[in-house]
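Everything below concerns the one structure shown next.
Protein chains: 2
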Amino acid sequence: MMVKQESTEEKITAAAKKVFITKGMMGARMQDIADEAGINKAMLHYYFRNKEKLFEKIFTEAFTSFWPQINNILDADMPLFSKIESFCHSYIEVLLNNPYVPIFVLNELNRQPAMFIQKVWKSGPPKVGSLIQQIEIDVKKGKIKAINPVQLLLNMVSMCVFPFVAKPMFQAALGMNELQYRQLMEIRKVEITRFIIDSISK
Amino acid sequence: MMVKQESTEEKITAAAKKVFITKGMMGARMQDIADEAGINKAMLHYYFRNKEKLFEKIFTEAFTSFWPQINNILDADMPLFSKIESFCHSYIEVLLNNPYVPIFVLNELNRQPAMFIQKVWKSGPPKVGSLIQQIEIDVKKGKIKAINPVQLLLNMVSMCVFPFVAKPMFQAALGMNELQYRQLMEIRKVEITRFIIDSISK
DNA sequence: ATTTTTGTTAACCAAATAGTTAAACTGAAC
DNA sequence: GTTCAGTTTAACTATTTGGTTAACAAAAAT
Chain A
0 MMVKQESTEE
10 KITAAAKKVF
20 ITKGMMGARM
30 QDIADEAGIN
40 KAMLHYYFRN
50 KEKLFEKIFT
60 EAFTSFWPQI
70 NNILDADMPL
80 FSKIESFCHS
90 YIEVLLNNPY
100 VPIFVLNELN
110 RQPAMFIQKV
120 WKSGPPKVGS
130 LIQQIEIDVK
140 KGKIKAINPV
150 QLLLNMVSMC
160 VFPFVAKPMF
170 QAALGMNELQ
180 YRQLMEIRKV
190 EITRFIIDSI
200 SK
Chain B
0 MMVKQESTEE
10 KITAAAKKVF
20 ITKGMMGARM
30 QDIADEAGIN
40 KAMLHYYFRN
50 KEKLFEKIFT
60 EAFTSFWPQI
70 NNILDADMPL
80 FSKIESFCHS
90 YIEVLLNNPY
100 VPIFVLNELN
110 RQPAMFIQKV
120 WKSGPPKVGS
130 LIQQIEIDVK
140 KGKIKAINPV
150 QLLLNMVSMC
160 VFPFVAKPMF
170 QAALGMNELQ
180 YRQLMEIRKV
190 EITRFIIDSI
200 SK
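As structure tokens, this is what we get:
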């Protein structure tokens, strides 16, 4: 049986990702990461100079791995309703596969707002203009109800992301297990889309 | 001119609140809190035995100070649409006065889900049943469109809270300053209410 | 006035934790 | 098989940080 060979560097990044995402920059211990990777702590400093460098790599990697997936939809050439559907479905699907990333990103972001904008969005800032314009046009044409495009955008993102950020709270409040919550999110893809379109349709 | 006298204990709790909320439990340093309060570090241990005790006090205080404000609305005896309006207005108003509390709570909650449910919700668990029932009844009566009550609840909470949790991100993406963002939230009280009611109205 | 209790401080301690080093191991090139 | 660069390890160091202590000051009780 073939065993996938994993380089030490890969072991480290995988372990660091897990530990940083679950415990945050301040909560993570270098020893935890070493243990998780099953290697000596000194290796962390051999491959990455220090904790900060390692963290930065993981953070940007985690963020840039799923950010484009959402960002591109905003820029796609589609009718508004299709775009809304596509956005909700893709966003929730991505989050189902990376449920702990948003709280991680938001948390670190609140501590270092400047770093974020500078380093993480230098390459791919949010392509939000296209959607905003599209909404404005459809409002003017009378295709949808009058609504502030920014508010609509906030609504869309909020409804997709927040249930993942506040998962433990909702789970406790609603008395749901992992599977039930996951199913709720699965259904949510279509429920949210309908909810939004119902609201803005004339 | 009268100067308000602040006891050492009050100085500590005020400083601890500020530091814990901005840096989190793990990120906060006892020395930071002492400096912020303008006192000797030993005083922290004199009034509160250790960091954990101090943190717990701040956490529960921060949480229980605004949780009931929202929770009670869920239980109020009102028609559904009024309740939705009341909920959105109150929730956002409370958050405008405590903008950093949600990310703080959610963050610590993700690290200690058990502690939360046990200690913080022992006294006042979410009164969510009343609203759920109310939605179900109005759906059956045909007063509103068919919708999963839980999903509607998630939508309401998400749209209210998330813009505060992700404030730095939205602010950067939309190029807004503090005042502009605040105004956006102010408007949001009524915009969100309308958005929801438009969606579920027949 | 004197004692006792409470509040406050600087200096110190112990544990945790990031980071370093020197030696040992490995595997390929010669 | 010797050498040599890259890799890995155990032991160590330096620093940070939560927590303690003993002396001191202020206030309250006697």
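Read top to bottom, the protein sequences are chains A and B.
If you use numbering that gives the first Met the number 0, the first sequence corresponds to residues 0 to 201, in order.
If you use numbering that gives the first Met the number 0, the second sequence corresponds to residues 0 to 201, in order.
Each residue gets a CB set at the ideal place from its N, CA and C atoms; glycine is no exception.
Note that this is a predicted model, so its numbers are computed, not measured.
- Task: Give a yes or no on whether the minimum CB-CB distance between Tyr45 (chain A) and chain B is below 9 angstroms.
- Result: Position 46 of the first sequence, counted from the start, is the residue given in the question as residue 45 (chain A). Output row for Tyr45 (chain A): interface = no.
- Per-residue DSSP class, three states only, for Ile136 (chain A): Against the first sequence, residue 136 (chain A) aligns to sequence position 137. Reduced to three states, the DSSP call for Ile136 (chain A) is helix.
- Query: What's the gap between the Cα of Ala15 (chain B) and the Cα of Met24 (chain B)?
  - Reply: Walking along the second sequence from the start, residue 15 (chain B) turns up at place 16. Walking along the second sequence from the start, residue 24 (chain B) turns up at place 25. The alpha-carbon atoms of Ala15 (chain B) and Met24 (chain B) are separated by roughly 10 angstroms.
- Given that Asp76 (chain B) touches chain A, what residues does it touch there, using C-beta distances under 9 angstroms? Position 77 of the second sequence, counted from the first residue, corresponds to residue 76 (chain B). Going along chain A, no residue has its Cβ under 9 angstroms from Asp76 (chain B), so there is no contact; the nearest lies around 21 angstroms.
- Message: Suppose the cutoff is 8 angstroms on Cβ atoms and the five residues either side in sequence are ignored; what does the same chain contact list for Ala165 (chain B) look like?
- Response: As a position in the second sequence, residue 165 (chain B) is number 166, starting the count at 1. None.
- Query: Do you know offhand how far Val138 (chain A)'s Cα is from Lys144 (chain A)'s?
  - Reply: Your numbering for residue 138 (chain A) matches position 139 in the first sequence. Your numbering for residue 144 (chain A) matches position 145 in the first sequence. In a straight line, the C-alpha of Val138 (chain A) is about 6 angstroms away from that of Lys144 (chain A).
- Query: Do you know how far the Cα of Leu152 (chain A) is from the Cα of Tyr46 (chain B)?
  - Reply: On the second sequence, position 47 is the one that residue 46 (chain B) refers to. On the first sequence, position 153 is the one that residue 152 (chain A) refers to. Cα-Cα distance, rounded: 47 angstroms.
- Please classify Pro125 (chain A): is it buried, with 16 or more other beta-carbons within 10 angstroms of its beta-carbon, or exposed? Reading the first sequence from its first residue, position 126 is the one you call residue 125 (chain A). That one is buried.
- According to DSSP, which residues form a beta bridge with Ser200 (chain A)? For the purposes of this step, residue 200 (chain A) is identified with residue 201 of the first sequence, where counting begins at 1. For Ser200 (chain A), which the question treats as bridged, DSSP gives the partners A:Ile143.
- Query: Per DSSP, what kind of secondary structure is Met77 (chain B) in: helix, strand or coil?
  - Reply: Translated into positions along the second sequence, residue 77 (chain B) becomes position 78. Coil, per DSSP.
- Message: Going by beta-carbon coordinates alone, are Asn106 (chain A) and Asn154 (chain B) separated by less than 9 angstroms?
- Response: Along the first sequence, read from residue 1 onward, the residue named residue 106 (chain A) stands at position 107. Along the second sequence, read from residue 1 onward, the residue named residue 154 (chain B) stands at position 155. Not in contact: Asn106 (chain A) and Asn154 (chain B) (Cβ atoms no closer than 9 angstroms).
- Taking C-alpha atoms, which residue in B:Ile102, B:Pro112 and B:Asn109 lies nearest to Leu108 (chain A)? Reading the first sequence from its first residue, position 109 is the one you call residue 108 (chain A). Nearest of B:Ile102, B:Pro112 and B:Asn109 to Leu108 (chain A), Cα basis: B:Ile102.
- So with Cβ pairs under 9 angstroms, would you call Leu108 (chain B) a contact of chain A? By one-based count along the second sequence, residue 108 (chain B) stands at place 109. Chain A contact via Cβ: present.
- With a Cβ-Cβ cutoff of 9 angstroms, do Val149 (chain A) and Ile131 (chain A) count as a contact? Position 150 of the first sequence holds residue 149 (chain A). Position 132 of the first sequence holds residue 131 (chain A). A contact, by the Cβ cut-off of 9 angstroms.
- Message: Please tell me whether Tyr99 (chain B) has its Cβ less than 9 angstroms away from any Cβ of chain A.
- Response: On the second sequence, position 100 is the one that residue 99 (chain B) refers to. Interface residue (Cβ-Cβ distance to chain A less than 9 angstroms): Tyr99 (chain B) is classified as such.
- Message: Taking the straight line between their C-alpha atoms, what separation do you get for Met114 (chain B) and Ala61 (chain B)?
- Response: As a first step, residue 114 (chain B) is located in the second sequence; it is residue number 115 there, counting from the start. As a first step, residue 61 (chain B) is located in the second sequence; it is residue number 62 there, counting from the start. Straight-line Cα distance between these residues: approximately 15 angstroms.
- Query: In chain A, what lies closer than 8 angstroms to Gln150 (chain B) by C-beta?
  - Reply: As a position in the second sequence, residue 150 (chain B) is number 151, starting the count at 1. Ordered by position in chain A, the residues that pass the 8 angstroms Cβ test against Gln150 (chain B) are Leu183, Ile186, Arg187, Glu190, Ile191 and Phe194.
- Item | chain A contact for Pro167 (chain B) (CB, 9 angstroms cutoff) | Counting from one through the second sequence, the residue named residue 167 (chain B) turns up at place 168. Yes - at least one Cβ of chain A is within 9 angstroms of the one on Pro167 (chain B).
- Item | Same chain only: Cβ atoms within 7 angstroms of Met1 (chain B), ignoring 5 sequence neighbours per side | Within the second sequence, numbered from 1, the residue matching residue 1 (chain B) stands at position 2. The predicted position of Met1 (chain B) is uncertain, since its pLDDT is 47 and thus under 50; no value can be drawn from it.
- Message: Using CA atoms only, rank isn't needed, just tell me which of B:Val156, B:Lys121 and B:Arg28 is closest to Phe169 (chain A).
- Response: Along the first sequence, read from residue 1 onward, the residue named residue 169 (chain A) stands at position 170. Measuring from the Cα of Phe169 (chain A), the nearest candidate turns out to be B:Val156.
- Query: Would you report the Cα separation of Tyr180 (chain A) and Leu79 (chain A), rounded to the nearest angstrom?
  - Reply: Reading the first sequence from its first residue, position 181 is the one you call residue 180 (chain A). Reading the first sequence from its first residue, position 80 is the one you call residue 79 (chain A). Distance between the alpha carbons of Tyr180 (chain A) and Leu79 (chain A) is about 29 angstroms.
- Message: Please identify, using Cβ separations under 9 angstroms, the residues of the stretch 3–34 of chain B that lie next to chain A, in order along the chain.
- Response: Residues passing the 9 angstroms Cβ filter: Thr21, Lys22, Gly23, Met24, Met25, Gly26 and Ala27.
- Message: On the CB-based measure, 16 or more other CB atoms within 10 Å of its CB, does Ser198 (chain A) come out buried or exposed?
- Response: One-based indexing of the first sequence puts residue 198 (chain A) at position 199. That one is buried.
- Query: When the Cα atoms are used, what is the spatial distance from Pro112 (chain B) to Phe58 (chain B)?
  - Reply: On the second sequence, residue 112 (chain B) is found 113 positions in, with the first residue counted as 1. On the second sequence, residue 58 (chain B) is found 59 positions in, with the first residue counted as 1. Going from the Cα of Pro112 (chain B) to the Cα of Phe58 (chain B) covers about 13 angstroms.
- alpha helix (DSSP H) runs wholly inside the stretch 40–100 of chain A, at least 4 long, in chain order: 40–46, 50–74 and 79–96
- Query: From the beta carbon of Pro67 (chain B), is the nearest beta carbon of chain A less than 9 angstroms away?
  - Reply: The count along the second sequence starts at 1 and reaches residue 67 (chain B) at position 68. Judged by the 9 angstroms Cβ criterion, Pro67 (chain B) is not in contact with chain A.
- Message: Quick check on Met1 (chain B) - is its C-beta less than 9 angstroms from some C-beta in chain A?
- Response: On the second sequence, position 2 is the one that residue 1 (chain B) refers to. For Met1 (chain B), the predicted structure reports a pLDDT of 47, less than 50, and the residue's modelled location is therefore unreliable. The matter cannot be settled from this model.
- Message: With the cut-off set at 9 angstroms, would you say Ile83 (chain B) and Ile196 (chain B) are in Cβ contact?
- Response: Counting from 1 along the second sequence, the entry for residue 83 (chain B) is found at position 84. Counting from 1 along the second sequence, the entry for residue 196 (chain B) is found at position 197. Yes, Cβ-Cβ distance for Ile83 (chain B) and Ile196 (chain B) is below 9 angstroms.
- Query: Is DSSP giving Met155 (chain A) helix, strand or coil here?
  - Reply: By one-based count along the first sequence, residue 155 (chain A) stands at place 156. Helix.
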